[in-house]
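**Q**
Residue numbers (this note's numbering): 24 to 162.
#1: So what's residue 139 in DSSP terms, helix, strand or just coil?
#2: For residue 63 and residue 109, I'd like the C-alpha separation in whole angstroms.
#3: Going by DSSP in three states, residue 94 sits in which element: helix, strand or coil?
#4: When burial is assigned at 16 or more other CB atoms within 10 Å of the CB, is residue 125 buried or exposed?
#5: Quick check on this structure: which residue in 139, 71, 122 has the alpha carbon closest to the alpha carbon of residue 152?
#6: Excluding the five sequence neighbours on either side, which residues of its own chain have a C-beta within less than 7 Å of the C-beta of residue 71, listed in chain order?
#7: Can you give the Cα-Cα distance for residue 69 and residue 75, rounded to whole angstroms?
#8: Mapping the DSSP letters down to three states, classify residue 154 as helix, strand or coil.
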C-alpha cells in the first residue's frame, strides 16, 4: 500500500504482541529494537512507535537516545567494525543503559533505535531477554 509516497507493509508480528508489558520485572518487559541502514525510514518508524505508546528514550535529533548512541559508538567506534571490550563487558554496559531508559519509561514499553544496534544484536539478546527486533529493509 502506498501512503503519501511511502511504501508500507505489515509487520511479521503484531504490535500488541511486541509491546505487552503485564510483568513488573524488567527482564520480562519487551525491548523493541528498530534496526535498518541509514535512510531506511527507521526514524519514521520510531516516531510511529512513540505515538503508539512505546517509550523510545529521551530522544534527541534523529529519534535516538544520546547516551545509548555514545555508548554504542564507544563499543564499536565508527567506521571500524571491531568491537571494543569483552562480550560480557559490552552486555553489562548495554544492560545498564537500557535499565536507565526503562527507569524513565513510566511503565511504558521501551524501544531503541540506532544503526549500530544491528551489530550488537547478540549483546542485546544477552542483556535483555525479552528482545523484539524490527528490521527495516528498503529497496
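Glycine included, every Cβ here is placed at the ideal spot set by N, Cα and C.
**A** Well, looking at it:
#1: When DSSP states are grouped into helix, strand and coil, residue 139 belongs to the helix group.
#2: Distance between the alpha carbons of residue 63 and residue 109: 30 Å.
#3: Helix, per DSSP.
#4: Counting the other Cβ atoms within 10 Å of the Cβ of residue 125 gives 16 or more, which makes it buried.
#5: Looking at the Cα atoms, 122 is the closest of the given residues.
#6: Take residue 71, set aside five residues on each side of it, and no residue of its chain has a beta-carbon closer than 7 Å to its own.
#7: If you take the alpha carbons of residue 69 and residue 75, they lie about 10 Å apart.
#8: In the displayed model, residue 154 falls within a strand according to three-state DSSP.
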